[in-house]
Structures are given as structure tokens and as C-alpha cells.
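The numbers in numbering that gives the first Met the number 0 rise by one with no breaks, and the one at position 148 of the sequence shown is 147. Even glycine gets a Cβ: it sits at the ideal position worked out from N, Cα and C.
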Amino acid sequence: MSTSEIRLMRMMQHTVKSCRLMQISEDEALAVGGLLAKVFPKPDKGPVERAAQLKRIGQEYDGPVECGPVSHIILQEDRVVAHAVTFGRTVGANAGELTVMALAYVATDPECRGQGLGAAVTHAAFARVDQGVFPFALFQTSFKVQPFYEQIGCKLVENRVYNSLNEEDPQANPFWDDVLMRYPASEGWPIGEIDLRGRGW
Numbered sequence: 000m001s002t003s004e005i006r007l008m009r010m011m012q013h014t015v016k017s018c019r020l021m022q023i024s025e026d027e028a029l030a031v032g033g034l035l036a037k038v039f040p041k042p043d044k045g046p047v048e049r050a051a052q053l054k055r056i057g058q059e060y061d062g063p064v065e066c067g068p069v070s071h072i073i074l075q076e077d078r079v080v081a082h083a084v085t086f087g088r089t090v091g092a093n094a095g096e097l098t099v100m101a102l103a104y105v106a107t108d109p110e111c112r113g114q115g116l117g118a119a120v121t122h123a124a125f126a127r128v129d130q131g132v133f134p135f136a137l138f139q140t141s142f143k144v145q146p147f148y149e150q151i152g153c154k155l156v157e158n159r160v161y162n163s164l165n166e167e168d169p170q171a172n173p174f175w176d177d178v179l180m181r182y183p184a185s186e187g188w189p190i191g192e193i194d195l196r197g198r199g200w
């Protein structure tokens, strides 16, 4: 059995729960916040602050319900061990407006890595694209993780991206990680500059 087949089998063993952030409970948000605080440690962002950050995505969303923010969660013994959040964002492109699926806060508990959790939660997130809710997903990641995403059908985005609503520097790149990627790698992605019309994710 190949490595990819083993990875697929592991991924299929996991159940991914989807929670709409506009309806997520305090306990669920805090459980996710605990994982995010562990994976992305910052002195001023513990579980409570991360939970509030997550809930704010739901509170601030004002688009169509079907494109609303969703937390994709894997539980092990009532503990959140993997997570990703997706939500709709309408951006500006040369051909007009485009509503993409933002992918963010992808995290796996360091103690549980190697079980296919990251792949499972990411595939669950990309299912919203596969089901036709969005034409593409757009997200940032590191050079280290880029090959993982390429293996599951993602492609590097080379468009220049800016945020026209940034009063300090509207031409600055609103993303901060190493690379910007999209899913799927198929044709149809816009050519030219992309105006994010808001903060990066």
C-alpha cells in the first residue's frame, strides 16, 4: 500500500463536525480557542481571546447564509484536536466581483499529528468548494506546508493582492505568510490584481 493510500485511509477514519459560527456555543468556541492558543501561541491570546476571535468572524459576517462561516472540527474524547474555519469573502478582480471561500485557523494538536487529522479537516473544508458553494478557496500558508496543499489539489496564487480599504497603505499585501494558494488548481482563476477589500485571513 502506498503512502498516499495509507494517508487517505487514516483521513477517512475521522469524523469532522461542522459548526456554523453564527450559532456556535460558548463551550464549543472555548474548546476550539484552546487548540488555537496551543498551536498559535501569543502572550495576549489565550483560549478565551482565541474563542472571542473565532466568534467575531460569525458576528461580523453579513453575507448569504450558505456562504456563512463554519468551523470544521475533529474531536477525540471531547477534546478538539483539529480545526479549520471557512467563510465567504467577496473580492474584486479584473473581470468583476468574485466570492471566494476564505480558509483560516487550520490547526492540529501537536500531540496528535501523523494521524491524518489535518488532511481530514482540510478536505472537509474544501468540500464546500467541491459542492459548488464557492468557485475557489483562497488562503495563505508557509513554504513548509505548501507541498501538503499541492498534493491535495491546490495551486500557488501569483496575482498581486492588495486591500483598497487599508487607509494606511492600500497597496500593501494584506496577507503575511509565505505563500498564497487556491483550491482547486483548475482553470477559471482571475488574471491580474485582486482587491481583497478587507483584512487578510
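Between P109 and P173, what straight-line distance do the alpha-carbon atoms span, to the nearest angstrom?
Cα to Cα, the separation comes out at about 28 Å.
For L102 versus A136, is the C-beta spacing smaller than 7 Å?
The answer is yes: Cβ separation under 7 Å.
Considering only residues of the region 151-188, which uninterrupted beta strand (DSSP E) runs meet the minimum length of 3 residues and lie entirely inside it, listed in chain order?
Within the region 151-188, the beta strand (DSSP E) runs of at least 3 residues that lie entirely inside it are, in chain order, 178-182.
Specify the secondary structure class of V90 as computed by DSSP and reduced to three states.
Taken through DSSP and simplified to helix, strand or coil, V90 comes out as strand.
The alpha helix (DSSP H) with L34 in it runs from where to where?
In the DSSP annotation of this structure, the continuous segment of the alpha helix (DSSP H) that includes L34 starts and ends at 25-38.
Check whether the region 37-45 and the region 66-81 are in contact - that is, three or more C-beta pairs closer than 8 Å.
Not touching, per the Cβ criterion.
In chain order, what residues of the same chain have a beta carbon less than 7 Å from the beta carbon of A83, not counting five sequence neighbours either side?
H71, L102, Y104, V105, V120, T121, A124, listed in sequence order.
What residues in its chain sit with their C-beta under 6 Å from that of A50, if we drop five residues either side in the sequence?
Exclusion of the five residues before and after A50 leaves A28, L29, G32 as the residues of its chain whose Cβ lies within less than 6 Å of its Cβ.
Let's see if you can read the secondary structure: which residues bound the beta strand (DSSP E) around H71?
If you look at H71, you'll find it in the beta strand (DSSP E) that goes 69-75.
Count the other CB atoms within 10 Å of the CB of G117; is the residue buried (16 or more) or exposed (fewer)?
When all chains shown are included, G117 counts as buried.
What did DSSP end up calling T14 once you bin it into helix, strand or coil?
Judged by DSSP in its simplified three-state form, T14 adopts coil rather than helix or strand.
Where I56 falls, given that 16 or more other Cβ within 10 Å makes a residue buried
Burial check for I56: the Cβ neighbour count within 10 Å reaches 16 or more, so the residue is buried.
Should W200 be flagged as near chain D, meaning a C-beta pair shorter than 7 Å?
The question asks about chain D, but that chain is absent: this structure has only one protein chain.
Could you work out which residue in V15, I190, G67 is closest to N93 when comparing CA atoms only?
Nearest of V15, I190, G67 to N93, Cα basis: I190.
Rounded straight-line distance, which links the Cα of Q114 to that of R198
A straight-line Cα-Cα distance of about 33 Å links R198 and Q114.
By a C-beta neighbour count over all protein chains shown, 10 Å radius and 16 as the cutoff for buried, is Q139 buried or exposed?
Buried is the call here.
DSSP beta-bridge partners for V99?
Answer by DSSP bridge pairing, in chain order: R88.
Once you ignore the five residues that flank A171 on each side, which residues in its own chain have a CB closer than 8 Å to its CB?
Same-chain partners within the cutoff: Y161, N162, N165.
Can you tell me where the beta strand (DSSP E) holding Q139 begins and where it ends?
Taken as a continuous stretch (DSSP letters only), the beta strand (DSSP E) holding Q139 covers 136-140.
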